[in-house]
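Read left to right, the sequence shown gives residues -24 to -1, 1 to 474 (mature numbering (1 follows the signal peptide of the UniProt record, and there is no 0)).
Glycine included, every Cβ here is placed at the ideal spot set by N, Cα and C.
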Amino acid sequence: MPLTVRRSLCLLAAVILFLSPALASESDHKYQPDEPVTLWVNKVGPYHNPQETYNYYSLPFCHPSGNAAHKWGGLGEVLGGNELIDSLLDIKFKKPVEKTTICELELDEDKARQFKDAIENNYWFEFFMGFVGELHSERNGDNKHVLYTHKIINVLYNKDQIIQVNLTQQSPKPLEVGSTLDMTYAVKWNPTDITFARRFDVYLDYPFFEHQIHWFSIFNSFMMVMFLTGLVSMILMRTLRNDYAKYAREDDDLETLERDVNEESGWKLVHGDVFRTARSLVLLSALVGTGAQLALLVLLVILCAIVGMLYVGRGAIVTTFIICYAFTSFISGYVSGGMYSRHGGKNWIKSMIVTASLFPFLCFGIGFILNTIAIFYGSLAAIPFGTMVVVLVIWAFISFPLALLGTVIGRNWSGAPNNPCRVKTIPRPIPNKKWYLTSSVVSMMGGLLPFGSIFIEMYFVFTSFWNYKVYYVYGFMLLVFLILIIVTVCVTIALLVT
């Protein structure tokens, strides 16, 4: 086998070599013999930076003659930076294609420079995953740029359904200004016993995601939960036992009462002030409501991913996230409105608007900056104007009204304040705290254990994000998310009581 064939990356392109029928059913993807099959090209970019992507035809490949069709794959796919364009290659189901010319590519100085830059940055493109060319070392130490000119598409099928696609590149040609490259392709069809339902298994890295370390991290986090739960229980039992002993004593003279007050620690020193209305009640209520919504949102998305295998569809996770966020906006309004009402808030219009727009506007601000940079560089990561309008419409006509409705219901159904102790009229001066109990130290230390319970899972998530792997172990993610909630609750109780 030639060296160029061995070094070409045949990375099983069915995930990104989108072969879809012209007349076939979208649900079962069944084809008739000799039925046209469309090959969609997607994007191109540096292999070491999956987030830096450009239009496939930003490189001077052979452009299809005429107006090539663009495929709308859904909101999540567009937000993921995908742009599917019909390659207009003549491919028909079960019909082999011998070596056929796509076009004759004439290399001028500008085209040669673009290809050389792409080769040096290990560019890959997404109608298969591979490099656009290679650097060959010469005897004199110089590097020679070559471009693959022949692509062999090997399609595996089971009866009337496409199962898998492999692509191999051959015929490397040197990039020389003024030369003409004959860009060709061939198609081979081979039967397979793999069923259509199991077609995606080849892209799931079972040894990586189900490694022993992954299971060990879950066990380690579970043991952390057991330890923290026991620790918090001991702290609460000790505190409550001392309190009950004080209440049961009969010698309630002034001296004993003064001694008990001096022995108090933690939040009980300021128990008459902890339920005082916050200075920025609107912002606090909005943050609490948004936090409740995001917690429910993450739980719903994980459950949908487990039940519906969302990792199979391009952009399905993003689409599900947006839809779930829109419909869970009621929760943020309800929680925020209830909290605002129980603390005697009066500025309801401001509270509703801040709750409904705090998280979306924060995301919009960050996205606007990133989108401006992406547009400046011509990247596919730039969100099209039409997509921004769709997202804005979803927020304006679904998310925003539901948040307002939730705020109104939370305001009327929140009930009377149920504080366990009366708020003092005159605020008590806050006692001086030891250095390890200051807000900055407590914030950092309080986040260590929750982070420790999820950092292994975050490693797998980010690895799939940057290393072209498909994350599919959402059952692990659900367990880790529940562990995170329990650990956060335990740490919060421990910090408040002590």
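- No Cβ-Cβ contact shorter than 7 Å links proline 40 with leucine 60.
- Counting the other Cβ atoms within 10 Å of the Cβ of cysteine 300 gives 16 or more, which makes it buried.
- For the 7 Å CB-CB criterion, threonine 331 and glycine 265 form a contact.
- Under DSSP, tyrosine 124 forms a beta bridge with Pro148.
- For alanine 162, the uninterrupted beta strand (DSSP E) segment begins and ends at 156 to 167.
- Cysteine 300 is bridged by DSSP to nothing; it lacks a bridge partner.
- Only residues of its own chain outside the window of five on either side were considered, and among them Cys38, Leu65, Met159, Thr160, Tyr161 have a CB closer than 8 Å to the CB of isoleucine 78, listed in chain order.
- With three or more CB-CB distances shorter than 8 Å, the region 145 to 157 counts as touching the region 120 to 127.
- Taking the C-beta atoms as reference points, serine 305 is found nearer than 7 Å to serine 375.
- Runs of alpha helix (DSSP H) with 4 or more residues, each lying fully within the region 181 to 210, are found at 182 to 185, listed in chain order.
- The C-alpha of isoleucine 194 lies about 37 Å from the C-alpha of valine 20.
- Put simply, the backbone Cα of valine 178 is about 15 Å away from that of methionine 285.
- Residue burial is scored here from C-beta neighbours: asparagine 58 has at least 16 other C-beta atoms within 10 angstroms and is therefore classed as buried.
- DSSP lists Val131 as the bridge partner or partners of valine 141.
- The shortest C-alpha to C-alpha distance from leucine 413 to any of Phe172, Tyr450, Ala379, Val473 is the one to Val473.
- For tyrosine 99, the enclosing beta strand (DSSP E) has its first and last residue at 99 to 101.
- Closest in alpha carbon position to histidine 319, among Asn394, Val384, Leu204, is Asn394.
- For tryptophan 324, the uninterrupted alpha helix (DSSP H) segment begins and ends at 324 to 353.
- Rounded to whole angstroms, the gap between the alpha carbons of tyrosine 33 and leucine 83 is 15 Å.
- Residue burial is scored here from C-beta neighbours: glutamine 269 has at least 16 other C-beta atoms within 10 angstroms and is therefore classed as buried.
- Under the three-state reduction of DSSP, leucine 65 is assigned to coil, being neither helix nor strand.
- Here leucine 273 is buried. Its C-beta has 16 or more other C-beta atoms within 10 Å.
- DSSP places isoleucine 430 in the uninterrupted alpha helix (DSSP H) bounded by 415 to 442.
- Inside the region 363 to 402, DSSP marks no whole beta strand (DSSP E) run of 3 or more residues.
- Around the beta carbon of proline 426, a 10 Å sphere encloses 16 or more other beta carbons of the protein chains shown; the residue is thus reported as buried.
- When the alpha-carbon of alanine 350 is set against those of Gly42, Tyr23, Leu55, the nearest one is in Leu55.
- Assignment of tryptophan 16 by DSSP, reduced to helix, strand and coil, places it in the strand class.
- Judged by their CB atoms, lysine 71 and proline 12 are not nearer to each other than the 7 Å cut-off.
- For valine 258, the closest C-alpha among the options Gly154, Ala94, Val153, Ser312 is that of Ser312.
- Look at lysine 87 here: in three-state DSSP terms it is helix.
- Each residue's CA atom was taken as its position, placing leucine 275 and leucine 454 some 7 Å apart.
- 7 Å or more divides the Cβ of valine 141 from the Cβ of tryptophan 165.
- Within the same chain, and ignoring the five residues on either side of methionine 315 in sequence, the residues whose Cβ sits closer than 6 Å to its Cβ are Ser261, Val264.
- Using a Cβ distance threshold of 7 Å, arginine 290 and glutamate 74 do not count as a contacting pair.
- Using a 10 angstroms sphere on the CB of valine 277, the tally of other CB atoms reaches 16 or more, which defines it as buried.
- Taking C-beta atoms as the reference points, alanine 379 and glycine 309 count as a pair closer than 7 Å.
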